[in-house]
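Below is one structure, written out as structure tokens; the observations come after it.
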Amino acid sequence: MTAICTPCALLRRVRSLALAGLLALAAAGPVVAGPTLDAVRARGQLVCGVNTTLVGFSAPDAQGRWQGFDVDICRAVAAAVLGSAEKVRFVPLTAPQRFGVLQSGEIDLLSRNTTITLARDASMGLQMTAIAFYDGQGFMVPATSKVRSALELKNKSVCVQQGSTTIRSLTEYARVHKLNIRQVVFDRFEDANATYFAGKCDAYTSDASQLASLRVKFAANPADHVILPEVIAKEPLGPLVRRGDDEWVSIVRWVLYGLIEAEELGVTAANVEALQRSADPTVLRVVGAGEDTGKLLGLDREWLARAVRATGNYGEIFERNLGPRTPVGLPRGLNNLWNKGGLQYALPVR
Ligand SMILES: N[C@@H](CCC(=O)N[C@@H](CS)C(=O)NCC(=O)O)C(=O)O
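Residue numbers (the working numbering): 1 to 350.
Right, here's the structure in full:
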């Protein structure tokens with residue numbers, strides 16, 4: 001029998017082939033592991049790029065153990081992928097170093113107060129995963145200064161570091177508002193910090209969360225430095241990976257979404273075991289006792305349960321490292337859940 005090849009029949013055949021392909025894929029079980037997951041597994045360790053020292057985000061504690069919000073994201077990924085949050089090597093990176101090290105393959109993941117912009121996403125061979133922290137660029141001034149608004153920085157000097165999004169936004173803001181700001185630019189973070197805290201710049205500009213962290217570490221009394229109300233640029237921060245390894249992008253993205261989803265569902269490090277007996281299928285998926293979401297990522301059923309057990313959910317990570325009861329003392333603000341007035345909205349884990 002000869003096949004009738006009208007455009008309609010052709011379309012039907014393409015559709016049925018596509019459907020058969022999709023069904024075969026769904027039945028195939030675990031998807032292919034990408035090259036990064038393979039390398040991480042073979043090494044038995046995740047290599048994570050973090051900030052050199054930014055209290056609350058990434059800094060070694062008195063025992064030399066890395067602590068912080070960005071650090072916990074690395075640990076959560078390691079717990080999901082390798083079964084242990086301890087299987088991470090942290091690589092401290094300066095602002096100018098961070099992208100080259102990720103591009104060259106020296107690290108698997110960059111979890112380091114890094115803003116996702118169009119240019120970075122589209123032109124560096126790197127890819128954003130999800131937004132871990134909604135930040136914005138701000139200014140800090142000594143409390144003794146009369147300046148109480150960024151618009152009062154006319155003819156003032158502002159300390160700023162190279163290799164970040166910060167200088168360009170400062171330049172554009174100053175131009176738009178005709179502020180004639182004198183930029184005092186540093187290659188090294190240490191020099192920018194030392195100069196501002198020695199009182200040699202009228203203001204310091206960076207991500208607002210960073211300013212809050214810096215005053216805790218460097219000011220004799222953090223209350224001696226005031227963060228001005230203006231946010232001059234959006235700084236959505238999140239983990240970056242190399243472009244071209246879609247499986248790895250998915251894993252990092254879903255670990256982050258999973259931690260946020262866990263918070264939304266009330267799954268915490270402490271109750272993840274007890275909730276194995278939950279009647280709610282959305283909770284069961286998160287605690288690894290329901291539908292197996294891990295196999296679609298090339299992982300196992302308990303991937304997310306392990307991450308939550310190791311680091312706590314997103315809210316627990318935030319509160320422990322940055323929240324009002326920590327020295328950095330940040331409110332949840334934009335980083336609250338979408339149903340509590342914030343922007344954190346995890347795509348559904350199902
Ligand atoms: N979020 C911004 C700024 C992040 C950033 O790297 N900030 C600088 C200070 S403005 C920093 O952390 N430097 C630390 C270092 O170089 O060791 C970005 O991604 O460019």
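C-beta: ideal position from N, C-alpha, C; glycine also.
First through last residue of the beta strand (DSSP E) which encompasses residue i
| i | result |
| --- | --- |
| residue 335 | Note, residue 335: premise wrong, no beta strand (DSSP E); not H, not E. |
| residue 234 | 233-237 |
| residue 246 | Premise fails: residue 246 lies in the alpha helix (DSSP H), 246-265, not in any beta strand (DSSP E). |
Endpoints, the alpha helix (DSSP H) within which residue i is located
| i | result |
| --- | --- |
| residue 339 | Note, residue 339: premise wrong, no alpha helix (DSSP H); not H, not E. |
| residue 80 | 69-82 |
| residue 35 | 35-43 |
Residue i to residue j span [Cα, whole Å]
| i | j | result |
| --- | --- | --- |
| residue 263 | residue 226 | 31 Å |
| residue 211 | residue 138 | 8 Å |
| residue 257 | residue 52 | 26 Å |
| residue 355 | residue 81 | Here the chain has residues from 1 to 350 only, and residue 355 is not among them. |
| residue 196 | residue 242 | 35 Å |
| residue 181 | residue 276 | 58 Å |
| residue 316 | residue 154 | 41 Å |
| residue 84 | residue 249 | 20 Å |
| residue 265 | residue 37 | 28 Å |
| residue 289 | residue 320 | 27 Å |
| residue 344 | residue 330 | 16 Å |
Beta-carbon proximity list for residue i, same chain, < 6 Å, skipping 5 on both sides
| i | result |
| --- | --- |
| residue 336 | 342 |
| residue 255 | 76, 77, 80, 307 |
| residue 217 | 55 |
Any non-hydrogen atom of ligand 1 within 7 Å of residue i CB
| i | result |
| --- | --- |
| residue 157 | no |
| residue 207 | yes |
| residue 189 | yes |
| residue 336 | no |
| residue 172 | no |
| residue 113 | yes |
| residue 95 | yes |
| residue 58 | no |
| residue 145 | no |
Exposed unless 16 or more other CB atoms sit within 10 angstroms - verdict on residue i
| i | result |
| --- | --- |
| residue 209 | buried |
| residue 240 | buried |
| residue 23 | Reliability fails at residue 23, whose pLDDT of 42 lies under 50, so the model's placement of it is uncertain and no value is given. |
| residue 221 | exposed |
| residue 338 | exposed |
| residue 110 | buried |
Same chain only: Cβ atoms within 8 Å of residue i, ignoring 5 sequence neighbours per side
| i | result |
| --- | --- |
| residue 146 | 152 |
Neighbourhood of residue i by C-beta, 7 Å cutoff - its chain only, sequence neighbours within 5 removed
| i | result |
| --- | --- |
| residue 285 | 291, 293, 349, 350 |
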